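See structure below.
This is the structure:
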C-alpha cells in the first residue's frame, strides 16, 4: 500500500509540473505482436555514423505516435535539420482510446497537433502531412504520398532525402488472415476507429429499438463481440458495459435486458500479459457484470451476420452479432515489409534493430516503437570474444580480477545475464562461474574457456522482447534523441560498454527499458494495476491512481484540462448518446 | 441602447432559469428558400379534426429539428400517443454550426439526444430512428427506412399509422441545379457537414504546406470559396478568417500569406435580408479583414479545380479553389414533393399550409418549419364573405358600428390589413374606409360593397412569407402543440376569429410570428444584430449580446455548460488544428 501512496503523490506532483516526454512512461500495454527469434552475424558498428558532421545533418522522422513524438520533443533541432512525415498531423494519447469509444472522453481531448508540440522547440522542425510508401536506403531517401485533399488530383508523391532516418510508423492490426475481419470488424488503433465504434454502438441500439423487428433480431443487434482479451479489448468491454448500464439503460428501457457483451480470448485467461491475480480479478468482475468471457476460443471466420470460433473442448460454434471489435495484436506495415526485403530481413516478421535501435543490416536508419523489435545479442554468440577481451594477459584462463574488470560491461551489453542471475537468486556472475567452490579459494581460481562457456550456457534463455506499449515507444524515442544530442561528447568520451569484437568502447549505453507498471481499467470505477516489483493493486483506489497518472501524463496542458473536464462532464451529465 | 440592455438582462435571467422550448425564440436566420404564390379555394376546416377523441389519438412527428423538437417539448404526451421518426436521434442547435466548422465550439456541445429531451415528459414519447420515405395520407400511414447499421441488411422499411401527422422534416440544400455543386461543394446544414468542413480546411493547409508543390498550387489549395452571402455563409467566412489569423497563421507561417477567402453573392449586397446598415457594416469589416466579397456574381458551374461564375459587368470568370462551401438557400425534400403530388400541390415549389399550419388539401396533416410555408388567405378572395358577415342587418351597406364589430376578427384573420395600415400610417381600418370624409360625418356613413372592395383593394400586397429560420420553426412547434393541448377547451369556447364562409368562430387563433431579432456574427469578436423595431446594433458589445443570448437559449444545461466551456477553452488554448 505504501508504494501505491508514493506513486500517487508522485503522479500529483507530476500533474503540477508541465510534463516533458522524457517523463512519459505510461502504465499500459498494447497487446503484444508476434516475434520470431532471429540471429545473424552483425557488425558492432551499431551507433550513429558520425563522420565529422558537416553543417546540419538531415534527420527525417517517420510517424507522430509515441516513439516519433518522444524523439521530436527531445532531439536538438538546432544541431540537426529535423523533418517529420506522418499521415496524422497530431499526436494521440492512445491509452485513452477505449474511453473515446463510449464518450467518457472526447476524441479531441486526447489529440495534440504535432505542430504545436514542435513549435515549442528552439530550432525549426518541419512537418509534412503524408504517408511514407517506400524507404530507399541506397539513395538515402523516402517516397511519400501526400494527404488526400478533396478537389485535387493528389499531386503525386514527394521525395525527401535524409542523412539519418528514424522509423516510428507503428504497426498495423493483425487479423491473422482470418476471413471477414477486415470487412466486418472494428479496430481500435486510431482516433477514427474509436469514433466509428461510438457511432455504431448507438446505431445498434437504435436499430434494436425499431418497431418492426423481432426479439431474435434485437438480440443480434445488441450482441457486442470483442475479440482479444488484452488490455485494449478488456478496457473496451468495461467501457461499453459502463456506458450501457449508466447511460443507455435509462434511454432504452425496453431493450436494455437484451444486451450481451462477449469477450473472446484464445488463451486460457484474459489479461495474460499481467500477473495471474489480475486476470482472475478481471474475470470475476466481468462475471458479476454479466460480460461473457469465452476463453480458449479462436475466431476462424467473420461474416456480416455471425462470428465463427473454435475451441478444443466445444469445437466450432457460430454466434450472430451486432458489432465486433478486433483487438488481438499487431503486425508489420507493408512499407516496413518492403524495406526489410531490401536490407536482407525478408525472412523475419518484424523489423530488427540492435540494442542501440539501429536497424540491422542498414546504415543510418533507426527504428523504434511498435514497428521494430530489439534483437538482443546473445552471450553464446560472443562467448569467445568475451573471453578474449576479459583475458587481458592472454593467459588462456581468467582470474577473478579479470572477470570483475569486465563484469559491468557484460551486464550492460547483455542484460539477460543479470536477469538470469535474478532467477537463480545470485548477486554476481562470479557465483555462477565459481559456483560450489569454497569462498576462500575464489581469489586464486582460474577459469578456462570451456568452463566459461558452460557457466554461461543458459543465460540467453532470459533474452526478453519488449512489449509493444506506449511506455516502451516513448522511452525509445527519448533514448535515441539523447544519443543524437550527445554524439560529439560521446565520440571523445564513450559511455558505452567495451566492444567485444573490436577494440575500444561503444559510444552509448544500449537502450534499456524501465518498466513503470501497467494499468487495466475494468469499469465501474475499478481498475487493476501491475506496478514495478510485480506489486499488484486492484479496485477503486487503483482507478483513482489511474485517473491521477493519466491526467499527469498528458502531452499538453490543453489535453490535460480537456481530459479532466471530460471526466467531470461524464460524472455530471453522463455520456452523450447522439449518433454523430 | 436601452433596449439592448433590457434584452441582455432578459437573456441573463433566462440563462439562470432552465429553458423550455416555449421560450426558444432564436435570433438568427437560415438563408431563406424560394417561395411561389399559391391560391386555391380552401375549406375553412383548418383546425384539428376532433370527432369525439376516443382513447389516445396517435400523433406522429417527423423530424427532430427546431420545429419537431419544440412541438415535442410542448405536446401533452399523456393525452396523445406521440411517436417521433427521424434519421437523427438528436436535436442540433443549428445557429452554432458555423462555429463547429472551425472548432470554436465542438460538435458534441451543440447536440442533445432527443431521448433525453422526451424522457423529461410525463407521458411516454416513442422515438424511431429512421427516415420517412413516403407519406400515405389516404391510409393515414408513413413508410420509413431504418437507420443504416453495419452488418445488417437494413431490415426493410417499417410502417407507422397516425391519427395526426406533424411534418417537420426541414429542407434540403438548394443547388439551383448548378452542375458540380453536389460533387464538389460542402454544405452547412448538419453536424456532419460542419465536421467535414473542419477536417478539409486542415487538409487544405497541410497540402499547401507540402515540399513539392509550386506557389500557384499552394494558392489554389488555400483559396476558400463561400457561395451565398446570407447569415450562414457570412458567419462561416468570419469564423474561417478568425481561425486562420488567430490559430493557423502561427502554425503555418510560410503559407499564411497565400490564404484567400472569397464570398460570392448573387445580390448587390451581402446579408440583404437585414437592414442595409448591417450589410454595409459587414462588407466594410470583411474588406478590412481581407475577405473578398464578390457581389453580383452567380455561380454557374463547379468543377474539381475551378468555380465558374457570371456577373453582368464582368461576364464569366473561373477561379481555382481549394475548398468551397455552398450556402445559398433551401429546397423541398423529395418525400415532401411526392406528398405534394398526392394532395394536389404538384404545381407548387413549397408545401403550403393554412394559417393554422394544417396542410392545404389534406386532413389531419400539419407541417411546420422549413418544410412548409403558410399560405396566407387574401382579403380580396373573401371580400364578399367579409362584407356579408359584417352586414348583420343584411342592409347591403355597412355602418361604422357594423365595421367596428368585426374589425378585431379581420385583424386576426388577415394580418396584412394591419401591416398595410402601418405603411399608410393609419391607426384603424376605418381611416381607410372613410378616408377624406369629415370626422363629424363618420357615425352616419354607410359603405356599400364596391366602396368596401375599393378601400381594401391593396391590403394583400402586404402578405409576407416568413423567413426559414429556427425562430419561426420553434414558435410554430410551440403553437401547434398548444393547439393540440387545448383542443377540448377550444371546442367549447373557440378563441379564434369569426369564420367568414361558415357560421361560428375558428377554434384557435391563427399562428402569428413574433420576431425577436436576428444576429450576424462577423468575426474578431464583433457581430451585427437587427432587433425588433428595426433597431440596429453592431460591434463588440453585440458579440457579447450574442454570447449571452446563445448561451441562454441552449436546449439543456449540458449543452449550455459545454458551449460556454468551449468558448473559454478557445480563449485559453486556441482552436485545435488536428485533422480528425
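Residue numbers (UniProt numbering), protein chains in the order written: chain R, 1 to 580; chain Z, 1 to 580. Where a beta carbon is used, it is the ideal one built from N, C-alpha and C, also for glycine. All figures in this text were calculated on a predicted structure; none of them were measured in a lab.
- Just measuring C-alpha positions, the residue of R:104, R:356, R:501 and R:131 sitting nearest residue 563 of chain R is R:104.
- For residue 116 of chain Z, the C-beta contacts it makes with chain R under 8 Å involve 251 and 577, in order along the chain.
- Counting only the Cα atoms, residue 567 of chain R lies some 41 Å from residue 290 of chain Z.
- Following the DSSP letters along the chain, one finds residue 92 of chain Z inside the beta strand (DSSP E) bounded by residues 90–92.
- Residues of chain R whose Cβ lies closer than 7 Å to the Cβ of residue 490 of chain Z do not exist, since the nearest Cβ in that chain is about 32 Å away.
- Inclusion of residue 173 of chain R and residue 111 of chain R in the CB contact set at 8 Å is not warranted, their separation being larger than that value.
- Here the alpha carbons of residue 269 of chain Z and residue 220 of chain R stand approximately 56 Å from one another.
- Straight through space, the alpha carbons of residue 298 of chain R and residue 320 of chain R are spaced by roughly 16 Å.
- Listed as beta-bridge partners of residue 62 of chain R by DSSP are R:85 and R:167.
- Across the set Z:368, Z:129, Z:197 and Z:296, the C-alpha of Z:129 shows the shortest separation from the C-alpha of residue 203 of chain R.
- Residue burial is scored here from C-beta neighbours: residue 572 of chain R has fewer than 16 other C-beta atoms within 10 angstroms and is therefore classed as exposed.
- The three-state reading of DSSP puts residue 121 of chain R in coil, since its state is none of H, G, I, E or B.
- Beta-bridge pairing by DSSP links residue 498 of chain Z to Z:505.
- A distance below 8 Å separates the beta carbons of residue 282 of chain Z and residue 234 of chain Z.
- Setting aside the 5 residues that flank it on each side, residue 498 of chain Z is surrounded in the same chain by 389, 406, 409 and 505, each with a C-beta closer than 7 Å to its C-beta; the list follows chain order.
- The straight-line gap separating the alpha-carbon atoms of residue 487 of chain R and residue 475 of chain R is approximately 18 Å.
- For residue 227 of chain R against residue 327 of chain R, the beta-carbon gap comes to about 7 Å, under 8 Å, which counts as contact.
- Residue 335 of chain Z places its beta carbon less than 8 Å from that of residue 132 of chain Z.
- Classified as buried, residue 546 of chain Z has 16 or more neighbouring CB atoms from the shown chains inside 10 Å of its CB.
- In this structure residue 423 of chain R is exposed. Its beta-carbon is surrounded by fewer than 16 other beta-carbon atoms within 10 angstroms.
- Excluding sequence positions up to five before and after residue 536 of chain Z, its CB lies within less than 8 Å of the CB of 275, 277, 278, 528, 529 and 530, all in the same chain and listed in chain order.
- The criterion of a C-beta distance shorter than 8 Å is satisfied by residue 371 of chain R and residue 167 of chain R.
- Spatial neighbours of residue 180 of chain Z in its own chain (CB-CB distance under 7 Å, excluding positions within 5 residues in sequence) are listed in chain order as 301, 302 and 303.
- Under the three-state reduction of DSSP, residue 448 of chain Z is assigned to strand.
- Interface residue (Cβ-Cβ distance to chain Z less than 8 Å): residue 541 of chain R is not classified as such.
- Chain R places a beta carbon closer than 8 Å to that of residue 119 of chain Z, counting this residue as a contact.
- Taking the beta carbon of residue 326 of chain Z as reference, no residue of chain R falls within 9 Å; the closest one sits roughly 13 Å away.
- Interface residue (Cβ-Cβ distance to chain R less than 8 Å): residue 129 of chain Z is classified as such.
- Within the segment 485–518 of chain R, no residue places its CB atom closer than 8 Å to a CB of chain Z.
- With the criterion set as a beta carbon lying under 8 Å from some beta carbon of chain Z, the members of the segment 69–90 of chain R are 88, 89 and 90, in sequence order.
- When the beta-carbon positions are compared, residue 463 of chain R and residue 416 of chain R come within less than 8 Å of each other.
- Annotated as proximal: residue 58 of chain Z and residue 162 of chain Z, with beta-carbon spacing under 8 Å.
- Between residue 263 of chain Z and residue 229 of chain Z, the C-beta spacing is below 8 Å.
- For residue 97 of chain R, no CB of chain Z lies under 8 Å from its own CB, so it is not counted at the interface with that chain.
- Looking at the DSSP output, residue 298 of chain R shares a beta bridge with R:310.
- With 16 or more neighbouring CB atoms inside 10 Å of its own CB, residue 356 of chain Z falls in the buried class.
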